[in-house]
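Shown next as structure tokens:
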């Protein structure tokens, strides 16, 4: 069962990444070394680290109060807000970048132009990643038995000592794990930097893309890819990957806020969170309907004017292309990821299975641009040229979605008590009918959530897709980035209309997932 | 009704060796033994959930090669294993060939939960859940009902009550039952006969009286609550504190149970329990001398 996913990952991930390095080495090892040694490269690496550190800090700053309030207090609308904070995480990076361009870009709604500065990136990354911290830290906070702190108090600890010696150590692994995930996402972030950076901000990921796509300097791109991969591996090795431990039962320990201070605090955090989440999403819709301060639908008209000869990008067929590739990639990711989850769940966790588990997560921590470039190099030229089949995009997107599928399905499968099947058997159900009547209904929510996640991730995938999409038939995120890069108020409005469409598709998927109780799934 | 001959089960190593056991129609037999002794495995073999050698027959029909779902054998599990995605009625009706609300209502009434049809199973208390599990197991009218530590997860008071209730239901309906437990109170309360299982072998199959009066060995004697001193088994009422007693006992505990004061202690590493009257109850830690007395005299 594990053979298929392992082979898939080796062929679709390791081979392309190796292809990047091989090309780099073939065309000029000395050139690679030169690139790696250049002061400019280290400047880029430094900026990449800097923006990732700032972004992670900002994410923690905004997310931790929200995580605390959502886990600790019971208040009206809590369920809704819990679902709401997940929305940014699944939003396509290009949509998020477009939203922040509309908020803090050259003609931004907030009147400050941060588009060429690191602070624009920090805000967009914060928006994208608050869900990670809220989920990972929140799940620990929500199950933290308050009696542990009480036990410490009874043993003579002051309130502060109890927090420092009991609560904090229990929380620390979750904080570290979530910070590491956010840092990695920001470190290899592409769509946000590419769109918001206005060509001025260079991270490793963006520079790899620039060297390949504009300067056609493959050895330089390979050198930067290698550097990035080394940095990621070094980070994982140094920090380690320890998840948050659950400290108690999955009992909801939330209580109602008491007194005006608690109520005020809860209200403030809730309002801030809602604004942070909703403002960027709302501005997209607004900007799609506005040109020069007037309300107009020309952007939307352009979006749906199929086959307009003056329009190099046809957004309507981009929607179709996106649905097609994301659908195919989701199916593939569910198949391969499902097999991986099944193998991991039913064969224990020891020994080499641990490395399989890590292997499945690998695409999450590495550069999508490297994967896209590698696939192009490995499978995009004779003898095996898959460029025009559309297959490469599906494969690349599936690769990116697999970690999410495994992360949702594996715990659900290993948490499924197979004695339910025994119970069904002794009640006269044949194995097939036992599966249909018991296992399917019990596992369906996890399957739906996994598929929803995979679909949201694949339809928004940008870094790998931008290499692989054919110029004539781009996916929606690629089309949006092209529209945004072109001059003209109408094109920009059309870009926002396309962003709104992509946002609505993603939001619809998330709402659909929430209906099958998202709360049970997802904890990286 | 249920007969087992030379039943053996092996996982990596043998778990059950040559089990021979007959359970008559309407009889309740309880397998008593420590955890890990293969009790649950024996039930799973009867239910067809594990492979075994030897033969198992129900109502004269051999179950060789018959899959679990065609055996006509019902089972109740330690943790109720009610299907969480179904309501109470759907759980109880799960084993019926077609929907039969009347039968479901009848079964729920039988276990004292009339009107609970549409409750979600996660809203039930532990005792209620086990009663629903009993209704579910009985609904298809199995030839034999297997109970796998069905009260193991309940608290003492609830357990005592539920054991009596379940026994009543089973007796009234004349169900043939093979149960397993590690709790001798449960076994002696429910069973017509008790089968002592030790390390995968049946040591003694007998009524409670026989086990108390003629335990085949010291192991069975200790398991049924007798004290073994110098190779002889004594019930609690036959031992008393006397100044010139043969055995020096260090007192480790005292309790009041079922109208009697009981003292527990250790003689040369052997656990001993005996009766005492309230006035001469020794303190914990004290060393006293005990000897056999004739309870009649």
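Chains as they are written, first to last, in the working numbering: chain A, 1 to 524; chain B, 525 to 821.
Ideal placement from N, C-alpha and C gives every residue a C-beta, glycine not left out.
Residue-chain proximity (residue i, chain A), Cβ-Cβ < 8 Å
| i | result |
| --- | --- |
| residue 825(B) | In this structure chain B extends from 525 to 821, so residue 825(B) is not present and cannot be described. |
| residue 675(B) | no |
| residue 619(B) | yes |
| residue 612(B) | no |
| residue 597(B) | yes |
| residue 803(B) | no |
| residue 708(B) | no |
| residue 660(B) | yes |
Reference residue i, options the options, closest by Cα
| i | options | result |
| --- | --- | --- |
| residue 533(B) | 804(B), 640(B), 564(B) | 564(B) |
| residue 575(B) | 582(B), 706(B), 718(B), 566(B) | 566(B) |
| residue 554(B) | 716(B), 774(B), 798(B), 756(B) | 716(B) |
| residue 661(B) | 690(B), 582(B), 526(B) | 690(B) |
| residue 512(A) | 70(A), 35(A), 479(A), 84(A) | 84(A) |
| residue 748(B) | 740(B), 736(B), 600(B) | 736(B) |
| residue 740(B) | 720(B), 754(B), 759(B), 685(B) | 720(B) |
| residue 100(A) | 164(A), 281(A), 424(A), 382(A) | 281(A) |
| residue 785(B) | 670(B), 803(B), 637(B) | 803(B) |
| residue 102(A) | 76(A), 70(A), 115(A), 176(A) | 115(A) |
| residue 61(A) | 432(A), 39(A), 463(A), 126(A) | 126(A) |
| residue 331(A) | 405(A), 182(A), 220(A), 73(A) | 405(A) |
| residue 596(B) | 713(B), 619(B), 579(B) | 619(B) |
| residue 674(B) | 602(B), 650(B), 540(B) | 602(B) |
| residue 686(B) | 757(B), 811(B), 649(B) | 649(B) |
| residue 628(B) | 653(B), 664(B), 606(B), 645(B) | 664(B) |
| residue 683(B) | 637(B), 525(B), 711(B) | 711(B) |
| residue 805(B) | 765(B), 816(B), 772(B) | 765(B) |
| residue 224(A) | 510(A), 67(A), 32(A), 407(A) | 32(A) |
| residue 369(A) | 177(A), 463(A), 220(A), 13(A) | 463(A) |
| residue 138(A) | 190(A), 70(A), 176(A), 86(A) | 70(A) |
| residue 641(B) | 610(B), 671(B), 654(B) | 610(B) |
| residue 4(A) | 82(A), 402(A), 447(A) | 402(A) |
| residue 64(A) | 36(A), 275(A), 175(A), 456(A) | 175(A) |
| residue 750(B) | 790(B), 796(B), 777(B), 615(B) | 796(B) |
| residue 445(A) | 21(A), 416(A), 433(A) | 416(A) |
| residue 397(A) | 435(A), 448(A), 24(A), 456(A) | 456(A) |
| residue 557(B) | 621(B), 568(B), 743(B), 678(B) | 743(B) |
Chain-ordered chain B contacts of residue i [CB-CB under 7 Å]
| i | result |
| --- | --- |
| residue 430(A) | 593 |
| residue 441(A) | 609 |
| residue 438(A) | 607 |
9 Å Cβ cut-off: residues of chain A touching residue i
| i | result |
| --- | --- |
| residue 571(B) | 422, 425, 426 |
Partners in chain A for residue i, counting only beta-carbon separations shorter than 7 Å
| i | result |
| --- | --- |
| residue 664(B) | 427, 428 |
| residue 601(B) | 419, 423 |
Test: residue i CB closer than 8 Å to a CB of chain B
| i | result |
| --- | --- |
| residue 269(A) | no |
| residue 419(A) | yes |
| residue 447(A) | no |
Any non-hydrogen atom of the ligand MG within 7 Å of residue i CB
| i | result |
| --- | --- |
| residue 449(A) | Only the bare structure without any ligand can be found here, which leaves the ligand MG out of the picture. |
List, from N- to C-terminal side, the beta strand (DSSP E) runs of 3 residues or more that fit wholly inside the region 757-782 of chain B.
763-765, 771-781
Counting only Cβ-Cβ distances shorter than 9 Å, please list the residues of the region 463-481 of chain A near chain B, keeping chain order.
none
Identify every run of the beta strand (DSSP E) within the region 537-561 of chain B, keeping only runs that are complete inside it and at least 3 residues long; order them along the chain.
538-547, 552-556
Threshold first: 3 residues or longer. Then list the beta strand (DSSP E) segments lying entirely within the region 651-699 of chain B, N to C.
668-672
List in chain order: all unbroken beta strand (DSSP E) runs of 3+ residues lying wholly within the region 793-819 of chain B.
794-800, 811-816
Segments assigned beta strand (DSSP E), at least 3 residues, entirely inside the region 587-633 of chain B
597-600
Please go through the region 259-305 of chain A and give each complete alpha helix (DSSP H) segment of 4 or more residues, from N-terminal end onward.
259-288, 298-304
Sequence ranges, alpha helix (DSSP H) only - wholly within the region 104-180 of chain A, length at least 4
118-143, 146-154, 159-162
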